[in-house]
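In this note's numbering, the protein residues as written are 797 to 1046.
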């Protein structure tokens, strides 16, 4: 299902960003940091929906939230005319078909290892014979695909499956989002996190490729919302301000 949020009058950008007269915003439901809850009507709640609604408000149109269970499915639908903006992490492979805004929030991606592991740094992990489990087609999976060439990367269907796989002792290393890894650590003192993130996930707003005017508008708006504290206030409201960081703005 999709979910409507009421808006008001159109603006000149509507034809570009909301050609159907409403802003259809694709939401990645698997990002537990940016979609933290559901409203009583079942609609997604969190920082990502807050931003989508705020963009619609700026355009003076209604907002329709369109949930996707995984980010890869959201990205694949870019040319199917089912969404106008997609709240999804920037990744260079996705940039072949999607134009991305500047990030509105950053998430650390780190490696988790067993306490008795021989690994000390991220570099130690990209070695032949090392097995890393990762949620398939997550932004950090795509980063590993482009940057790690020696370790064996095992891809599973979801973030939870990657944690289960690691907990079952089926691999050497778990690649994941730091906040979720910290939750894992709180339940298991046999593990540790390599402190330096191997990458930062840039949570951005995507539009169909070739939409430069839309990206310019989104960049200006996100920059304004960062400066004015809208994003920070949303992080606070949804109690994720300690788990996420804000990008630096000029």
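Backbone N, C-alpha and C define an ideal beta-carbon position, used for all residues, glycine too. Values in this document were obtained by computation on a predicted structure and should not be read as measured data.
Where does residue i fall in DSSP's three states?
{"i": "residue 890", "result": "helix"}
{"i": "residue 911", "result": "coil"}
{"i": "residue 1051", "result": "Given a span of 797 to 1046 for the chain in the structure shown, any question on residue 1051 remains unanswerable."}
{"i": "residue 860", "result": "strand"}
{"i": "residue 804", "result": "Confidence at residue 804 is low in this model, with a pLDDT of 45, below 50, so the placement of that residue is unreliable and no value is reported for it."}
{"i": "residue 916", "result": "coil"}
{"i": "residue 834", "result": "strand"}
{"i": "residue 964", "result": "coil"}
{"i": "residue 1013", "result": "helix"}
{"i": "residue 896", "result": "strand"}
{"i": "residue 922", "result": "coil"}
{"i": "residue 877", "result": "coil"}
Would you grab the beta carbon distance between residue i and residue j for me? Rounded to a whole angstrom, and I think it's under 8 Å.
{"i": "residue 927", "j": "residue 947", "result": "7 Å"}
{"i": "residue 888", "j": "residue 942", "result": "7 Å"}
{"i": "residue 894", "j": "residue 871", "result": "6 Å"}
{"i": "residue 973", "j": "residue 880", "result": "That pair is no contact at about 27 Å."}
With DSSP as the reference, please indicate the residues paired to residue i in a beta bridge.
{"i": "residue 952", "result": "931"}
{"i": "residue 906", "result": "972"}
{"i": "residue 1001", "result": "883"}
{"i": "residue 1041", "result": "902"}
{"i": "residue 1078", "result": "Any property of residue 1078 remains undetermined from this structure, which presents the chain solely from 797 to 1046."}
{"i": "residue 820", "result": "860"}
{"i": "residue 996", "result": "904"}
Give the single residue among the options whose Cα lies nearest to the Cα of residue i.
{"i": "residue 953", "options": "930, 894 and 1016", "result": "930"}
{"i": "residue 913", "options": "994, 988, 860 and 1043", "result": "988"}
{"i": "residue 955", "options": "935, 944 and 945", "result": "935"}
{"i": "residue 810", "options": "950, 856, 915 and 924", "result": "856"}
{"i": "residue 978", "options": "829, 814 and 964", "result": "829"}
Beta-carbon of residue i versus every beta-carbon of chain D: anything under 8 Å?
{"i": "residue 928", "result": "Absent from the structure: chain D. Only one protein chain is present."}
Is any heavy atom in the ligand SAH found nearer than 7 Å to the beta carbon of residue i?
{"i": "residue 908", "result": "Annotation note on the ligand SAH: not contained in the displayed structure, which lists no ligands."}
- request: Count the C-beta pairs between the stretch 962 to 982 and the stretch 1005 to 1023 that are closer than 8 Å, then say yes if the count reaches three, no if not.
  value: No, because fewer than three Cβ pairs between the stretch 962 to 982 and the stretch 1005 to 1023 fall closer than 8 Å, the two stretches do not touch.
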